[in-house]
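Per numbering that gives the first Met the number 0, the sequence shown starts with residue 0, numbered consecutively.
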Amino acid sequence: MGAVLALASAVCYGIVDFAGGLLSRRVHFAVVTFLGQVGGLLLAVAAALLLPATAVRSTDVAWGAASGAGSAVAMHFLNRGLSRGAMSIVIPVSAVTGVALSVLCGVFLLGDRPTPLAWLGICATVPALWLVSAGGDGHGSRAPSGRRLPVDGLIASGGVAVQYIGLAQADPASGLWPVAAGRVAAVLLLLPGIRRHAAEFRRPVRSLGCAVLIGAGAALGLILYLLAAHQQMLAVAVVLASLYPAVPTALGLAVLHEKVTRTQTSGLLIAGVAIVLLSLG
Numbered sequence: 000m001g002a003v004l005a006l007a008s009a010v011c012y013g014i015v016d017f018a019g020g021l022l023s024r025r026v027h028f029a030v031v032t033f034l035g036q037v038g039g040l041l042l043a044v045a046a047a048l049l050l051p052a053t054a055v056r057s058t059d060v061a062w063g064a065a066s067g068a069g070s071a072v073a074m075h076f077l078n079r080g081l082s083r084g085a086m087s088i089v090i091p092v093s094a095v096t097g098v099a100l101s102v103l104c105g106v107f108l109l110g111d112r113p114t115p116l117a118w119l120g121i122c123a124t125v126p127a128l129w130l131v132s133a134g135g136d137g138h139g140s141r142a143p144s145g146r147r148l149p150v151d152g153l154i155a156s157g158g159v160a161v162q163y164i165g166l167a168q169a170d171p172a173s174g175l176w177p178v179a180a181g182r183v184a185a186v187l188l189l190l191p192g193i194r195r196h197a198a199e200f201r202r203p204v205r206s207l208g209c210a211v212l213i214g215a216g217a218a219l220g221l222i223l224y225l226l227a228a229h230q231q232m233l234a235v236a237v238v239l240a241s242l243y244p245a246v247p248t249a250l251g252l253a254v255l256h257e258k259v260t261r262t263q264t265s266g267l268l269i270a271g272v273a274i275v276l277l278s279l280g
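Here it is in structure tokens:
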């Protein structure tokens with residue numbers, strides 16, 4: 000059952016990233032990010048109430064809030080990158096670097112000891128990122144330079160690392176309340192910046208509702224991953240859940256007919272291998 004939940008998490012995240020990327024090209028990415036966190040908050044609170052916690056400590060809430068801050072940063076820059084360029088470039092960059100940063104933080108801050116496979120994966124991120132960023136502009140990107148695309152992915156990856164590291168510190172006895180606390184923190188962190196984009200909220204209700212649903216889907220993906228980690232070996236759960244970049248990348252190539260150069264293809268393949276190596280380690 001744990002493997003099924005982890006795969007469901009990967010599919011959920013992949014579809015959410017693809018849908019969020021498309022919506023960010025029609026609606027300002029700040030609107031998509033903020034309303035997405037609101038939708039995630041509604042779903043997380045409902046799920047936390049349905050799954051009672053044994054004990055919720057203040058430290059668990061604090062770690063959840065830190066995780067939510069990472070989520071806010073990750074989604075802000077990921078949606079910005081997706082609004083400017085190819086999904087098949089931005090998402091893999093954020094995913095592979097986020098996993099690498101998580102491993103490094105575990106080593107230097109939490110005392111983890113990665114296996115040789117994990118170190119190999121960390122080293123593989125360097126040529127992967129270089130090949131992806133050097134290969135072109137994503138053909139159809141609205142960014143003035145293709146080299147701006149990996150920057151958004153790299154910043155998003157830092158948020159991804161904080162999200163997973165923070166959430167991992169919460170006690171399983173706290174149930175899903177750390178996830179809910181994270182969504183509250185994300186909404187509060189994004190709220191001040193929304194004033195600058197107030198006019199962008201004058202959109203059809205359908206578009207705004209889609210942003211809320213996308214955020215709820217992201218929260219569902221995180222919840223599924225946590226449940227999988229409780230029922231399955233952590234390494235297996237992480238490997239399966241980390242396969243999510245394959246979904247929007249494949250959809251971007253098949254549905255949107257995005258094109259990548261041979262150099263970028265090589266970088267994407269190395270990035271995929273690196274994700275698996277890091278997860279196994």
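Cβ atoms here follow ideal geometry from the backbone N, Cα and C, with glycine treated the same way.
Predicted model, so just to flag it, every value in this text is computed and none were measured.
Whole-angstrom distance between residue j and residue i, CA atom to CA atom
| i | j | result |
| --- | --- | --- |
| His138 | Gly165 | Note on His138: pLDDT 43, under 50, position unreliable in the model; no value is reported. |
| Leu22 | Pro247 | 13 Å |
| Leu188 | Ala71 | 7 Å |
| Leu268 | Cys11 | 22 Å |
| Ser82 | Gly157 | 19 Å |
| Ser173 | His27 | 35 Å |
| Gln230 | Arg194 | 42 Å |
| Ala18 | Pro171 | 31 Å |
| Leu242 | Ala228 | 15 Å |
| Arg261 | Ile121 | 22 Å |
| Arg56 | Gln162 | 19 Å |
| Arg202 | Gly1 | 40 Å |
| Ala167 | Leu255 | 35 Å |
| Pro244 | Gly20 | 13 Å |
| Ala65 | Ala73 | 12 Å |
| Asp151 | Leu108 | 25 Å |
Of the listed residues the options, nearest to residue i (C-alpha basis)
| i | options | result |
| --- | --- | --- |
| Asp16 | Ala273, Ala217, Thr260 | Ala217 |
| Gly80 | Ser8, Val254, Ala155 | Ala155 |
| Ile14 | Ala227, Leu250, Thr260, Arg56 | Leu250 |
| Ala160 | Ala273, Val98, Pro191 | Val98 |
| Ala185 | Arg25, Gln36, Met0 | Gln36 |
| Glu199 | Arg24, Ala29, Ala7, Ser57 | Ala29 |
| Val3 | Ala240, Val92, Leu219 | Ala240 |
| Ala273 | Ala9, Leu119, Arg201, Leu212 | Leu119 |
| Leu190 | Gln263, Leu219, His75, Cys104 | His75 |
| Leu153 | Ala94, Gln263, Gly208 | Ala94 |
| Gly192 | Gly20, Gly1, Val31 | Val31 |
| Gln263 | Ala73, Thr96, Val92 | Val92 |
Beta-carbon separation (whole angstroms), residue i vs residue j, contact threshold 8 Å
| i | j | result |
| --- | --- | --- |
| Leu77 | Val89 | 7 Å |
| Val183 | Gly67 | 7 Å |
| Ala300 | Ala117 | Since the first residue of the chain shown is 0 and the last is 280, residue 300 is not available in this structure. |
| Leu276 | Ala54 | Contact doesn't hold; Cβ gap of about 36 Å is too wide. |
Spatial neighbours of residue i in its chain, beta-carbon cut-off 6 Å, leaving aside the 5 residues before and after
| i | result |
| --- | --- |
| Ala169 | Asp59, Trp62, Gly63, Pro177 |
| Ala179 | Ala43, Val44, Ala47 |
| Gly110 | none |
| His196 | His27, Ala29 |
Same chain only: Cβ atoms within 8 Å of residue i, ignoring 5 sequence neighbours per side
| i | result |
| --- | --- |
| Leu175 | Ala43, Ala46, Ala47, Leu50, Ala52, Ile222, Leu225 |
| Val211 | Leu34, Gly35, Val37, Gly38, Leu41 |
| Arg25 | Ser206 |
Cutoff 7 Å; reference residue i; Cβ partners in own chain excluding five residues on either side
| i | result |
| --- | --- |
| Ala215 | Gly38, Gly39, Leu41, Leu42 |
| Gly220 | Ser8, Cys11, Tyr12, Val15 |
| Leu100 | Ser156, Gly157, Ala160 |
| Cys209 | Leu22 |
Proximity test, residue i beta-carbon vs the ligand ZN heavy atom, cut-off 8 Å
| i | result |
| --- | --- |
| Phe200 | This structure lacks the ligand ZN; in fact it carries no ligand of any kind. |
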